[in-house]
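First up is the structure itself, then whatever we jot down about it.
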Amino acid sequence: MRLHPYALILFSFLALSSCTTFKQWIPFLREETKPHVVIAFHDKAPQIVVLVRDMDLPITVAPAGSMPFTHNSHAVLIVGHAFPYEKLAEILEFVRNYYTDLHYVRVTDPLNRRTLYTEHARLYVGASTDEAVQAGLTPWTPADFEELRRVKSQEEMIQLIKRKSAPAKQAE
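Going by the working numbering, the residue at position 26 of the sequence shown is 26; the numbering climbs one at a time, nothing skipped.
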């Protein structure tokens, strides 16, 4: 029995298209990314899960680390480059009441492949403060967070975060 030459090509394409890695290589096979929230584990996490789910967003609680949770050790908000600015504004209304030492904000960089934060439609709440220290991020004030809540576009959100979080200039 002899197969049609195109049958082998079609079979190969179908087999490979089910492979996750193959889907990442070919743009039209990539699945559309959906916004997702990841929060650091702490005692109020179940309350935050309920609030975020009420917004119709999937949410994951990061596993508890080996050290007990402290607010000052989880003081970073990492905003995915593609996370919707409208949803961020809603989340900021309540999340700072639960993560009281949230002082640093960073946006993901789609061109940086050497980071742990490669899911650009995600919002990471309570990331390690070590991230801010290593990046030299500037702490945000309550007024800065209010300004972020009032942004009117995705591009405005990204530019504001980059501008406000830029490393402080060293005094010479």
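Note that beta-carbon positions come from the ideal geometry of N, C-alpha and C, so glycine has one too.
Environment of residue i [buried if 16+ CB atoms lie within 10 Å]
i      : result
Ser165 : buried
Ala40  : buried
Val178 : Because the chain is modelled from 1 through 172, residue 178 falls outside the range shown and cannot be assessed.
Thr60  : exposed
Glu131 : buried
Arg150 : exposed
Ala143 : exposed
Leu111 : exposed
Phe28  : Model confidence at Phe28 stands at a pLDDT of 49, short of 50, so the residue's coordinates are unreliable and nothing is read from them.
Of the residues the options, the one placed nearest residue i, counting alpha carbons only
i      : options                        : result
Leu88  : Pro46, Glu156, Pro167          : Glu156
Pro63  : Thr108, His120, Pro46          : Pro46
Glu146 : Leu160, Gln134, Leu137, Ala135 : Leu160
His36  : His120, Gly136, Val107         : His120
Ser153 : Thr129, Ala127, Pro84          : Pro84
Lys162 : Pro58, Val79, Ser73, Met55     : Val79
Ala75  : Leu148, Leu111, Asp56, Leu137  : Leu137
Asn97  : Ile48, Gly65, Pro58, Met55     : Ile48
Leu148 : Tyr99, Met55, Glu93            : Glu93
Ala177 : Asp109, Gly65, Asp56           : Residue numbering for the chain in the displayed model covers 1 to 172; residue 177 lies beyond these limits and cannot be assessed.
Residue i in three-state terms, based on DSSP
i      : result
Thr129 : helix
Arg122 : strand
Arg30  : Reliability fails at Arg30, whose pLDDT of 49 lies under 50, so the model's placement of it is uncertain and the value that follows must be treated cautiously. Correct three-state label for Arg30: coil.
Gln134 : helix
Cβ neighbours of residue i in the same chain (closer than 7 Å, five flanking residues each side left out)
i      : result
Trp140 : His103, Tyr104, Val105, Lys164
Gln134 : none
Val107 : Val79, His81, Ile158, Ile161, Lys162
Chain-order list of residues whose beta-carbon lies under 8 Å from that of residue i (same chain, five-residue window excluded)
i      : result
Pro69  : A quick correction: the sequence has Phe, not Pro, at residue 69. Ala40, Phe41, His42, Asp43.
Leu123 : Pro35, His36, Val37, Val38, Leu77, Ile78, Val79, Gly80, Phe83, Lys87, Leu88, Ile91
Asn72  : Asp101, Thr129
Asp54  : none
Nonlocal neighbours in the same chain, by C-beta distance under 6 Å from residue i, ignoring five residues either side
i      : result
Val95  : Val125
Pro175 : Nothing about residue 175 can be read from this structure; the chain reaches only from 1 to 172.
Ranges of the alpha helix (DSSP H) found wholly within the stretch 41-107, counting only runs of at least 4: List check, alpha helix (DSSP H) in window: 45-53, 85-98.
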